[in-house]
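Heads up: the sequence shown at position 23 corresponds to 23 in UniProt numbering, and the numbers run straight through without jumps. Structure first, then comments.
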Amino acid sequence: MTNLFIRPATSLDAAKLLAIYAPYVEKTTITFEYTVPTVAEFSQRVQQTLEKYPYLVAETKDGDLLGYAYAGAYNKRAAYDWAVETTVYVKENCPIKGVGTQLYQALEQTLARQHVVQLLACITAGNQRSEQFHQKFGYQYVGKYAKVGFKFDRWCDVVWMQKTLNEPTIPPQPIIPFSTLDEQTR
Numbered sequence: 001m002t003n004l005f006i007r008p009a010t011s012l013d014a015a016k017l018l019a020i021y022a023p024y025v026e027k028t029t030i031t032f033e034y035t036v037p038t039v040a041e042f043s044q045r046v047q048q049t050l051e052k053y054p055y056l057v058a059e060t061k062d063g064d065l066l067g068y069a070y071a072g073a074y075n076k077r078a079a080y081d082w083a084v085e086t087t088v089y090v091k092e093n094c095p096i097k098g099v100g101t102q103l104y105q106a107l108e109q110t111l112a113r114q115h116v117v118q119l120l121a122c123i124t125a126g127n128q129r130s131e132q133f134h135q136k137f138g139y140q141y142v143g144k145y146a147k148v149g150f151k152f153d154r155w156c157d158v159v160w161m162q163k164t165l166n167e168p169t170i171p172p173q174p175i176i177p178f179s180t181l182d183e184q185t186r
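This is the structure we're talking about:
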């Protein structure tokens, strides 16, 4: 794993990121998206995320992207600013083990510096691999929404898992946008 490094994504990574994401859209209920976005749409998603939150990629020394992880707003209302939804995707048949783990470790370190308090993961029910992955990181099951997604001719439940990253304080520390973090502390 020494030949793998984690760095912030750029809009130029969009095509490679989309190549990782597309099989999840086309073959699974891991994402509830029906249609693979265009490269331009994906590039815009990356740019929008990076304004406030980290969007990280795992890259080999040869420039191959093996996975990505990012955070997004849990809810747009101001009182939710300290809660984010976390997401990770790893390339199909990834030749290196532990890519998701490295990405999530880096993601959590960055979110902690941003003063994020709560991490939330929305997981399609039955995705044991993802549930176990999140449990390994200290996430706990907090609830289930029944039959909220319809894909591949079936209704899907989602489970929510949550982790407290930073202790809640009163008043809370202001969120530091990712785009303003010093590059060395990202």
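Using N, Cα and C, we set each Cβ at its ideal position, and we do this for glycine too. Nothing here was measured: the structure is a model prediction, and the numbers come from that model.
Check the DSSP bridge columns for residue i and list the partner residues they point to.
{"i": "residue 5", "result": "59"}
{"i": "residue 72", "result": "85"}
{"i": "residue 90", "result": "67"}
What does the Cβ neighbour count give for residue i, buried or exposed, with the cut at 16 atoms within 10 Å?
{"i": "residue 91", "result": "buried"}
{"i": "residue 173", "result": "exposed"}
{"i": "residue 102", "result": "buried"}
{"i": "residue 68", "result": "buried"}
{"i": "residue 167", "result": "exposed"}
{"i": "residue 142", "result": "exposed"}
{"i": "residue 95", "result": "exposed"}
{"i": "residue 1", "result": "Only weak support is given to the placement of residue 1: the predicted model assigns it a pLDDT of 47, under 50, and the question is left unresolved by the model."}
Give the range of the beta strand (DSSP E) segment to which residue i is assigned.
{"i": "residue 109", "result": "Here residue 109 belongs to no beta strand (DSSP E); instead the alpha helix (DSSP H) covers 99-113."}
{"i": "residue 24", "result": "It is not in any beta strand (DSSP E) - residue 24 instead sits in the alpha helix (DSSP H) that spans 14-27."}
{"i": "residue 163", "result": "154-164"}
{"i": "residue 146", "result": "140-151"}
Check residue i in the structure and name its three-state DSSP category.
{"i": "residue 173", "result": "coil"}
{"i": "residue 125", "result": "coil"}
{"i": "residue 116", "result": "coil"}
{"i": "residue 36", "result": "coil"}
{"i": "residue 65", "result": "strand"}
{"i": "residue 131", "result": "helix"}
{"i": "residue 41", "result": "helix"}
{"i": "residue 167", "result": "coil"}
Flag this pair as touching only if the segment 8-20 and the segment 33-42 have three or more C-beta atom pairs under 8 Å; answer yes or no. Because the criterion of three Cβ pairs below 8 Å is met, the segment 8-20 and the segment 33-42 touch.
Validate contact between the segment 115-129 and the segment 167-181 using beta carbons, cut 8 Å, 3 pairs: The segment 115-129 makes contact with the segment 167-181, as at least three CB pairs between them are under 8 Å.
Specify whether the segment 116-133 and the segment 84-104 touch according to this definition: at least 3 beta carbon pairs, one from each stretch, less than 8 Å apart. yes
Are the segment 126-135 and the segment 65-79 touching, with three or more C-beta to C-beta distances below 8 Å? No, they do not touch.
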